[in-house]
Amino acid sequence: MIEVKDLPQNVLDAIHKYKKGNESIEVFPAMIVLNGQKYYLVEYLPSGQIIITKDGKVPRFQEVEYAFILGNRVNNQVQTLVNVGWKWSKGLTIWGFKSVIKILEYFKTKLGEKMDREIEDCFNQFLEVAKLNIEKQYQIKEAYLVGKKIRKELLESEIVDEQMYHKTTMYTDIMLKASYFQNQSQIQSYPCRVKLLRFLASNIHPFNLYAWVKLMLLYYHHKRMLNEDKMDSEDRESMRILTEMMERNNTLLDFEDYEKEIEKVARNPR
């Protein structure tokens, strides 16, 4: 892991040349390797960045714009995979959705004959949501574990290259889309889940304690799932962005706005 104290003096001299006032300095913990050239990515806090070659030269921005994007993207994506991925992988668990499937199958055998077409459609939707969420939860867990492995590799090798960039992009894309499909399926199925739960409650025999326990567990899982009332402004904005991305069939490799943000903070000469 590269730290400021590890930088050679000629690199430190270049850093201080572009420093403003009392800004503090942080260095990306790995060197960016592109086309055989090695770069340090340095951040001036609170707002500013510079890319410097291993021998202390400061290239023009146009020459290293892609290196800026690569370094920042890998940093952000690894943080997303590890931190957000850990949170999401511990959320609605695979075990919970498997429990939903078993409970639904139990009620299908007991009350299936009483279900009309509408209730049967709601039953099938609830079942499909559980199956889809299991599939997407496995994808989220895999992305999280890959992110941990990449972070370890990055810190130990002190190297970031295009291969690592494309790998982190791919798994971040997979994880965000998996979460999107989970959220959409839960939000859209909410009215049907409520209808099914009401049907079950109206048709379970009052003295069938076992069935009531099953229903309470199903209701518990239902309450843990997402609906629009649970979403705050940040959730809604995230869903809006992801929805737009899905509608355009884009991936995280599209970074027009990202380029503009990088250009604002980069201090390499134009």
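Residue numbering for the sequence shown follows the UniProt record's numbering, beginning at 1 and increasing consecutively. Where a beta carbon is used, it is the ideal one built from N, C-alpha and C, also for glycine.
Quick check on DSSP: helix, strand or coil for residue i?
i: Leu92; result: coil
i: Met43; result: Here the sequence assigns Glu to residue 43, which means Met is not the residue at that position. If DSSP states are grouped into helix, strand and coil, Glu43 belongs with the strands.
i: Met115; result: coil
i: Ile204; result: coil
i: Val58; result: coil
i: Glu26; result: strand
i: Ile159; result: strand
i: Leu226; result: coil
i: Ile2; result: coil
i: Glu217; result: The displayed chain sequence assigns Leu, not Glu, to residue 217. Note: Leu217 maps to helix in three-state DSSP.
i: Lys167; result: helix
i: Gly21; result: coil
i: Met175; result: helix
i: Pro191; result: helix
Rounded to whole angstroms, what is the Cα-Cα separation between residue i and residue j?
i: Glu228; j: Asp235; result: 10 Å
i: Tyr44; j: Ile262; result: 13 Å
i: Lys230; j: Asn183; result: 11 Å
i: Leu92; j: Tyr190; result: 16 Å
i: Tyr144; j: Ser89; result: 7 Å
i: Phe97; j: Gly36; result: 48 Å
i: Ile204; j: Leu197; result: 11 Å
i: Met245; j: Val146; result: 23 Å
i: Leu218; j: Ile103; result: 7 Å
i: Glu63; j: Lys17; result: 19 Å
i: Val100; j: Ala211; result: 14 Å
i: Leu200; j: Gln186; result: 19 Å
i: Phe123; j: His222; result: 13 Å
i: Ile241; j: Ile174; result: 15 Å
i: Trp86; j: Met239; result: 19 Å
i: Ser24; j: Lys214; result: 57 Å
i: Glu120; j: Met216; result: 20 Å
i: Thr172; j: Trp95; result: 24 Å
i: Glu237; j: Val33; result: 35 Å
i: Met115; j: Phe107; result: 10 Å
Pull up the DSSP beta-bridge partners for residue i, would you.
i: Gln37; result: Leu34
i: Ala266; result: Gln49
If I'm right that residue i touches residue j with Cβ under 8 Å, what's the distance once you round it to whole angstroms?
i: Arg224; j: Phe61; result: Going by Cβ atoms, the distance from Arg224 to Phe61 rounds to 48 Å, so no, they are not a contact pair.
i: Ile52; j: Tyr66; result: Not quite, the Cβ-Cβ distance comes to about 16 Å (not below 8 Å), so this is no contact.
i: Asp13; j: Gly56; result: 7 Å
i: Lys149; j: Ala178; result: Not quite, the Cβ-Cβ distance comes to about 18 Å (not below 8 Å), so this is no contact.
i: Glu158; j: Ala30; result: 5 Å
i: Val27; j: Val42; result: 5 Å
i: Val160; j: Leu81; result: Not a contact, Cβ separation roughly 14 Å.
i: Leu155; j: Met164; result: That pair is no contact at about 12 Å.
i: Arg73; j: Phe126; result: About 38 Å; that fails the 8 Å criterion.
Contact the region 124–133 vs the region 174–188: 3+ CB pairs below 8 Å: yes
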